[in-house]
Each structure stands twice: as C-alpha cells, then as structure tokens.
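The sequence shown maps to residues 630 to 760 in my numbering. No residue lacks a Cβ here, since even glycine has one placed at the ideal position from N, Cα and C. Accompanying notes for the structure given below.
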Amino acid sequence: MDAFLESLSSPVHNEIGAIFIPVSDIAAARDWYCALLGREPTGDILFGHLWVVPMRAGSGLVLDSKDFGGPHDGKPAFHFNSRDLPAAHAKCAALGVDALGPIVDGMFFTFKDPDGNLLMVADVPPSQHSL
C-alpha cells in the first residue's frame with residue numbers, strides 16, 4: 630500500500646486542525662490578534678477562556694487563557710503567510726510589537742505577542758501567490 634493510501638486508513642488524519650496559543654487575557658488577546666490580522670473581533674469567547682481566530686485558510690488558530698503557563702519555549706510554533714514582508718513588518722512595527730526582528734534573507738521575521746509568544750511571518754513563495 631502506498632503512503633497516501635496508508636494515510637487515508639489511519640483514524641488520525643494527516644492534517645493540522647488547530648494551533649493553540651496560550652494567552653493571559655482572552656479578550657485582550659482576541660483584540661490584539663484581530664488588529665494584527667485585520668479582522669473584526671466577532672464571535673463569542675467560548676467557555677470563558679477560548680476564542681477561535683477566523684482564518685482565511687489553513688489550520689485554525691485558537692487562543693486559550695485557561696491554565697496560562699506562559700509562552701511557548703522560544704521557538705515559533707507556526708508562521709503567518711505574507712505576500713509583502715516589508716508591509717507586514719511595518720504593520721507589526723505600527724502595532725508596537727515586542728522584540729520585532731529584522732527581515733532575514735528576505736524570507737521571514739519574528740516578533741512577540743503581548744504574552745511573550747514568539748511568532749513568525751514568512752514570505753509566500755511566488756508559486757503559491759495564486760492560492
């Protein structure tokens with residue numbers, strides 16, 4: 630059986646459903662991520678500690694303030710896509726993000742959210758611009 634067919638037979642799907650980000654204040658985090666991504670803060674905060682960021686495509690992003698243990702281990706767990714890194718970098722600077730790094734090799738930059746989670750924005754390769 631080839632690898633693709635094997636992946637279909639597993640009860641654990643070969644896809645990412647959601648990425649959780651630990652936050653200390655769910656309402657403040659919702660507003661900050663919406664400002665970063667140019668979204669309106671719509672939808673309910675679930676169970677008093679979860680908010681699902683409305684994403685255009687890809688895996689879901691879930692902010693979670695329950696049992697906030699602090700930021701991840703200093704490595705970005707994922708990256709946001711961009712087709713214009715200089716504009717994305719300028720937007721982050723305008724938001725006053727912490728630890729805004731330079732654009733590295735024209736490919737990505739990192740910064741921290743208000744809870745200290747290290748985030749990354751990466752260039753979308755030209756072959757994927759129409760996606």
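Exercise. For Gly646, which residues from the same chain have a beta carbon less than 7 Å from its beta carbon, with the 5 sequence-adjacent residues on both sides left out?
Worked result: Ser688 and Gly689
Exercise. Alpha helix (DSSP H) containing Leu666: first to last residue?
Worked result: Ile655 to Leu666
Exercise. Chain E beta carbons: is any one of them nearer than 8 Å to that of Leu690?
Worked result: No chain E is part of this structure, which consists of one protein chain only.
Problem set entry | Assigned secondary structure, Ser688 (DSSP; H/G/I helix, E/B strand, else coil) | coil
For this session: Would you mind stating whether Val682 and Ala717 have Cβ atoms separated by less than 8 Å?
Result: no
Problem set entry | CB-CB length for Asp654 against Ser711, believed under 8 Å | About 26 Å; that fails the 8 Å criterion.
Problem set entry | Unbroken alpha helix (DSSP H) run spanning Pro715, endpoints | Leu714 to Leu724
Exercise. The beta strand (DSSP E) with Asn643 in it runs from where to where?
Worked result: Looking at the DSSP string, Asn643 is not in any beta strand (DSSP E), and its letter there is neither H nor E.
For this session: State yes or no: is the C-beta of Phe709 within less than 8 Å of the C-beta of Cys721?
Result: no
For this session: Compare the Cα-Cα distances from Asp752 to each of Gly735, Met684, Gly745 and Ala706 and report the closest residue.
Result: Gly735
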